[in-house]
């Protein structure tokens, strides 16, 4: 049940008149946040004080749709800029306390005492603050999950940069550390791209990989065999000394369909040179 319109209008007007008092009390309540207001404005273009006034207006006037839309906007903004949630919690709870502090003064000053409507007012205001917080966190979490998923996909794509050279030849330059997780990503991405792009020859350059653990080496060999099974020629370039030693020590031998060259430049020269016969690789 809503507080009558007359009381709502009076309360709204009271807050407008006492906006400076509201800000002063709010900043005294939000001890940790007040020193971060300028930083949050700079990082996320989020005006905490102005938004507090906006939130109070939605709550007092019972503008529930606007309240939910505002919570969504705030949730996405805080998630986008990774602003600590502890600040948001402290700020909202400070707004709640400040709101009730001014309502107490309003109750003492108003011509018509609103004590008979207090419980209805309490339920409305606290419920709306909780609705805002709930919608804020739902939208924060949802958007944050979306960002994490997109970042993960970006990392996966960057970790397997398949570069087309012509319609049938692609390069896969591998750089940085290799672990089992990355090997799984490479396997999934490479086999998928071979089928989609109909790659005839994949040049896998390992010059950016210094060394690998045994399980990673076996995983990479599995990928190379899988590529060959899909009818794609595999050319490996850029083996470093330590990696060659480990592969030799493990007794791993490449299949006849897999060829090696010293450098990526040699592979590009070989495969992009007109009229060069693929079979001649076996004699190199």
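Numbering (full-length UniProt numbering), first residue to last: 1 to 284. Beta carbons: idealized from backbone N, C-alpha and C, even for Gly.
Classify residue i as buried or exposed, calling it buried when 16 or more other Cβ atoms lie within 10 Å of its own Cβ.
{"i": "residue 212", "result": "buried"}
{"i": "residue 19", "result": "exposed"}
{"i": "residue 100", "result": "exposed"}
{"i": "residue 162", "result": "buried"}
{"i": "residue 199", "result": "buried"}
{"i": "residue 22", "result": "buried"}
{"i": "residue 278", "result": "For residue 278, the pLDDT reaches just 41, beneath the cut-off of 50, and the residue's location in the model is therefore unreliable, although a value from the coordinates is still provided. That one is exposed."}
{"i": "residue 13", "result": "exposed"}
{"i": "residue 230", "result": "exposed"}
{"i": "residue 98", "result": "buried"}
{"i": "residue 194", "result": "buried"}
{"i": "residue 209", "result": "buried"}
{"i": "residue 203", "result": "buried"}
{"i": "residue 43", "result": "exposed"}
{"i": "residue 227", "result": "buried"}
{"i": "residue 252", "result": "exposed"}
{"i": "residue 148", "result": "exposed"}
Since residue i sits in a beta bridge, which residues does DSSP pair it with?
{"i": "residue 234", "result": "202 and 258"}
{"i": "residue 166", "result": "169"}
{"i": "residue 43", "result": "According to DSSP, which records beta bridges pairwise, residue 43 is partnered with nothing at all."}
{"i": "residue 195", "result": "According to DSSP, which records beta bridges pairwise, residue 195 is partnered with nothing at all."}
{"i": "residue 59", "result": "Answer is none; residue 59 lacks a bridge partner."}
{"i": "residue 175", "result": "208"}
If you compare alpha carbons, which of the options is closest to residue i?
{"i": "residue 105", "options": "84, 25 and 127", "result": "25"}
{"i": "residue 144", "options": "48, 75, 95 and 31", "result": "75"}
{"i": "residue 268", "options": "257, 237 and 253", "result": "237"}
{"i": "residue 179", "options": "87, 15, 54 and 216", "result": "216"}
{"i": "residue 258", "options": "222, 240 and 13", "result": "222"}
{"i": "residue 160", "options": "189, 102 and 56", "result": "189"}
{"i": "residue 95", "options": "81, 147, 34 and 150", "result": "34"}
{"i": "residue 54", "options": "10, 186 and 16", "result": "16"}
{"i": "residue 59", "options": "241, 124 and 186", "result": "124"}
{"i": "residue 10", "options": "28, 227 and 103", "result": "103"}
{"i": "residue 62", "options": "8, 29 and 36", "result": "8"}
{"i": "residue 56", "options": "38, 79 and 129", "result": "129"}
{"i": "residue 249", "options": "226, 193 and 214", "result": "214"}
{"i": "residue 38", "options": "266, 83, 64 and 228", "result": "83"}
{"i": "residue 254", "options": "231, 264, 225 and 230", "result": "225"}
{"i": "residue 184", "options": "194, 176, 78 and 219", "result": "219"}
{"i": "residue 146", "options": "266, 187, 80 and 122", "result": "80"}
{"i": "residue 78", "options": "247, 182, 264 and 41", "result": "41"}
{"i": "residue 173", "options": "36, 239 and 28", "result": "239"}
Since I believe residue j is in contact with residue i (beta carbons under 8 angstroms), could you give me their beta-carbon distance rounded to a whole number of angstroms?
{"i": "residue 197", "j": "residue 164", "result": "7 angstroms"}
{"i": "residue 87", "j": "residue 32", "result": "7 angstroms"}
{"i": "residue 261", "j": "residue 235", "result": "6 angstroms"}
Taking 7 angstroms as the cut-off, is the C-beta of residue i nearer than that to any heavy atom in the ligand SAH?
{"i": "residue 221", "result": "Absence of the ligand SAH from the depicted structure is noted, as is the absence of any ligand whatsoever, leaving it without description."}
Using 8 angstroms as the Cβ pair cut-off and three pairs as the minimum, do the region 60-74 and the region 121-135 touch?
yes
Taking three-plus beta-carbon pairs below 8 angstroms as touching, is the region 264-272 in contact with the region 157-171?
Counting C-beta pairs closer than 8 angstroms gives three or more between the region 264-272 and the region 157-171, which meets the contact rule.
Specify whether the region 33-48 and the region 80-95 touch according to this definition: at least 3 beta carbon pairs, one from each stretch, less than 8 angstroms apart.
Judged by Cβ distances under 8 angstroms, the region 33-48 makes contact with the region 80-95, as three or more pairs qualify.
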